[in-house]
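Participant: Sending over a structure as structure tokens; questions will come in a sec.
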Amino acid sequence: MDYEICEAHDLADGAMRTVEVGGHKILLVRDGGRYHAVGATCPHAGAPLADGVLQAGVVRCPWHKAAFSLSTGKCVEPPAVDDLPRFAVRVVDGRVMLTVPEQSGLEPMAHGPSDARCMVIIGAGAAGAIAAQTLRGAGFSGRVVMVGLEEALPYDRTVLSKYALSGRKGGEKTPLQDEAFYARHRIERRTGRVVSLDTEARTITFEDGRSLGYDSALLATGGVPRPFDVPGHALSGVHLLRTPADAEAIVKTAEGARRAVVVGAGFIGLEAAASLRERGLDVTVIAPQTAPLEDRLGTEIGNVFRRVHEREGIVFQLGQQVEALEGEDGRVSRVRLKGGAVLEADLVLAGLGVTPATDLFRGARREDGGLAVDAHLKVVDGLYAAGDIAAFPLYGDGPRTRVEHWRVAEQHGRIAALNMIGQATPYDAVPVFWTIGFLKRLDYVGHAATWDDVVVDGDLEKPEFLAFYVEGGTVKALAGWGRDQQMAEAVGFMAQRQDWTVPELLQALT
Ligand SMILES: Cc1cc2nc3c(=O)[nH]c(=O)nc-3n(C[C@H](O)[C@H](O)[C@H](O)COP(=O)(O)OP(=O)(O)OC[C@H]3O[C@@H](n4cnc5c(N)ncnc54)[C@H](O)[C@@H]3O)c2cc1C
Ligand code: FES
7 MDYEICEAHD LADGAMRTVE VGGHKILLVR DGGRYHAVGA TCPHAGAPLA
57 DGVLQAGVVR CPWHKAAFSL STGKCVEPPA VDDLPRFAVR VVDGRVMLTV
107 PEQSGLEPMA HGPSDARCMV IIGAGAAGAI AAQTLRGAGF SGRVVMVGLE
157 EALPYDRTVL SKYALSGRKG GEKTPLQDEA FYARHRIERR TGRVVSLDTE
207 ARTITFEDGR SLGYDSALLA TGGVPRPFDV PGHALSGVHL LRTPADAEAI
257 VKTAEGARRA VVVGAGFIGL EAAASLRERG LDVTVIAPQT APLEDRLGTE
307 IGNVFRRVHE REGIVFQLGQ QVEALEGEDG RVSRVRLKGG AVLEADLVLA
357 GLGVTPATDL FRGARREDGG LAVDAHLKVV DGLYAAGDIA AFPLYGDGPR
407 TRVEHWRVAE QHGRIAALNM IGQATPYDAV PVFWTIGFLK RLDYVGHAAT
457 WDDVVVDGDL EKPEFLAFYV EGGTVKALAG WGRDQQMAEA VGFMAQRQDW
507 TVPELLQALT
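Using this note's numbering, read the sequence shown as starting at 7 and increasing by one per residue.
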């Protein structure tokens, strides 16, 4: 059915507007004189795309920065895993007309000519799941086998420290796809541990002795939480967090608990602390650093997090380390610090980071446990690596870097899949991640392992700011709080070039 929307000149070039027509929320966009109409809601977690930014024919989501082509509706950058519906739009006698329902549904995957090859994906997390669906999206018609340790459908791990622990509901789509999706696209899901990988014979072997040959394989085994190696770590009530089963166990302990101690002030520790506080527990965070998130964001921005969390009642014991956990009847009740102080605790959660799960391919393992890959994410002929385990050349030709973030893993999965089937595609994207505490999101674009200056634009007390991480006068990365649109723009700008100065980049950001 056709609907008349507005006068053509009502929509300025570069403008985006949400219209509701025939029960659909539609994003109407005028870009370079052409009109486009796509779904107005981001399929990742429901952000209004009209609040995002338009750059080079792509609309970028204001929240976690997924990007969609306006001309095809296709998702071109994660974390969304689905495309946008597209609607026919035309101008008749100076008026914009829309045709509803959409031109194409959410079933973009075409199967190409028959192919005898077998692609094996070891790991069914962020990188693995996206790799599997990309193989089909790119038209690969051979066999696709995706192996994971857990029986559950691939899920969004990032919600575990946020909504799964707090009991709030987030908008993120999880599981990533339903059972019918994998069946429809002939993606074979296997549960089991792969214990060896023979890159000469191109065979993997499972724990139960079965083996499977492959033409190309992707290793996407993620990270293993660092163990909390102190006396008393095996007491009940002491937890690590990586899987939904871990989150369920933490929630069970939290239900009968009053006091929680979180060990570690990295992203997972802080998110978990906020979630447990939201459940009403008294929460203390212990870490050796002088500010939370110090290693990644520096002391100044780390202290923003500290203040926000303290305002919500979280207590920090920084510059401290745990000596032992103590308890009665096998259950934790105290945390003894190296300085001698003792904290009461019914729940202890350790967020000490992860080590790359690369036991399967020790030969190519680097000192930090990662696997060195080239710009096409190739380890050796026939074997690719993606996600937390991959040490990749930053921006395609930079220093080898490992990034433990969801969106990067998904992008890796996509690029690795294209390379597995011979569509030579380098991974040269800008790393992007986010963290959430008390429903406020910090976005981070770029990568700065080191920096010599942090330049702040905005108000750290409020907080509402951009922080530029600068080395040798060049912006390596920026973090933003309450600056959704500018951070969305920054993804595009940092992709164009990596030699911005702060004044140049600030001027470019609207
Ligand atoms: C609680 C939590 C919250 C997070 N929040 C955020 C966030 O807000 N933002 C962000 O950017 N990042 C976040 N991260 C980090 C993000 O989840 C990871 O960077 C991302 O999951 C890495 O993807 P991956 O595909 O490399 O590994 P994973 O997603 O961990 O997947 C690994 C897969 O490999 C399988 N596997 C492992 N070993 C074997 C084997 N031997 N045989 C067979 N299968 C195997 C596992 O079962 C799993 O399916 C969070 C992580 C956690 C734990
Ligand atoms: S809601 Fe759009 S990327 Fe998350």
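Even glycine gets a Cβ: it sits at the ideal position worked out from N, Cα and C. Bear in mind that the values here come from a model prediction, so they are computed numbers and not experimental data.
Using only the alpha-carbon positions, how far apart do T197 and D204 sit?
Facilitator: Going from the Cα of T197 to the Cα of D204 covers about 20 Å.
Participant: Where does A6 sit, in a helix, a strand or coil, going by DSSP?
Facilitator: The shown model of the chain, from 7 to 516, leaves out residue 6, and the question about it has no answer.
Participant: Just curious, the beta strand (DSSP E) that E518 is in, first and last residue?
Facilitator: Because the chain is modelled from 7 through 516, residue 518 falls outside the range shown and cannot be assessed.
Participant: For the 8 Å Cβ check, are there 3 or more pairs between the segment 345-353 and the segment 250-268?
Facilitator: Short answer: they touch.
Participant: Let me have the residue list for ligand 2: C-beta closer than 5 Å to any non-hydrogen atom, ordered along the chain.
Facilitator: Every residue passing the under-5 Å Cβ criterion appears here: C48, H50, A51, A53, C67, W69, H70, A72.
Participant: For V236, I'd like the list of residues in its chain whose CB is within less than 8 Å of its CB, leaving aside the five on either flank, ordered along the chain.
Facilitator: Within the same chain, V236 has close Cβ partners V328, E329, A330, L331.
Participant: Let's test the definition: count the other Cβ atoms within 10 Å of the Cβ of G215 and tell me whether it reaches 16, buried, or not, exposed.
Facilitator: Under this definition G215 is an exposed residue.
Participant: Rank V44, D335, V291, R302 by C-alpha distance to the C-alpha of L325 and give the top, closest one.
Facilitator: Note that residue 325 is Gly in the sequence shown, not Leu. Nearest C-alpha to G325: V291.
Participant: Helix, strand or coil, according to DSSP, for T407 in the structure here?
Facilitator: In this structure, T407 counts as strand in the three-state DSSP scheme.
Participant: Judging by CA-CA distance, which residue of V25, A370, C48 is the nearest neighbour of D89?
Facilitator: That would be C48, whose Cα lies nearest to the Cα of D89.
Participant: Give the range of the beta strand (DSSP E) segment to which E156 is assigned.
Facilitator: Segment: none, E156 is in no beta strand (DSSP E) and carries neither H nor E.
Participant: Going by the DSSP bridge assignment, what does F499 pair with across the sheet?
Facilitator: For F499, which the question treats as bridged, DSSP gives no partner whatsoever.
Participant: According to the neighbour-count rule (16 or more other Cβ atoms, all chains shown, within 10 Å of its Cβ), is P91 buried or exposed?
Facilitator: Buried, since its Cβ has 16 or more Cβ neighbours within 10 Å.
Participant: DSSP beta-bridge partners for E24?
Facilitator: Here residue 24 is Thr; the residue named in the question, Glu, does not match the sequence. L33.
Participant: For Q323, report the span of its beta strand (DSSP E) as first-last.
Facilitator: Here the beta strand (DSSP E) through Q323 covers 321-324.
Participant: In the DSSP output, what is Y390 paired with across the bridge?
Facilitator: Beta-bridge pairing links Y390 to L224, K384.
Participant: Could you give the distance in angstroms between the alpha-carbon of D184 and the alpha-carbon of A251?
Facilitator: If I take the Cα positions, the gap works out to 19 Å.
Participant: Sort G393, G275, F93, A46 by Cα distance to L171 and report the nearest one.
Facilitator: Considering only alpha carbons, the answer is G275.
Participant: With a threshold of 16 other CB atoms inside 10 Å of the CB of Q502, please say whether the residue is buried or exposed.
Facilitator: Burial call: exposed.
Participant: Does G464 get closer than 8 Å to chain C when you measure Cβ to Cβ?
Facilitator: Checking the listed chains, one finds no chain C in this structure; it contains a single protein chain.
Participant: Buried or exposed for T296, going by 16 or more other Cβ atoms inside 10 Å?
Facilitator: Exposed, by the Cβ-count rule.
Participant: Just to check, is the beta-carbon of R199 closer than 7 Å to a non-hydrogen atom of ligand 1?
Facilitator: Yes; taking the cut-off as 7 Å, the Cβ of R199 has a heavy atom of ligand 1 nearer than that.
Participant: Using 8 Å for Cβ pairs, my map puts I127 next to M152. What's the rounded Cβ distance?
Facilitator: Yes, they are in contact, since the Cβ atoms of I127 and M152 sit about 4 Å apart, within 8 Å.
Participant: Residues bridged to S202 by DSSP?
Facilitator: Answer by DSSP bridge pairing, in chain order: T211.
Participant: Look up E10 in the DSSP assignment and give the residues it is bridged to.
Facilitator: According to DSSP, which records beta bridges pairwise, E10 is partnered with M103.
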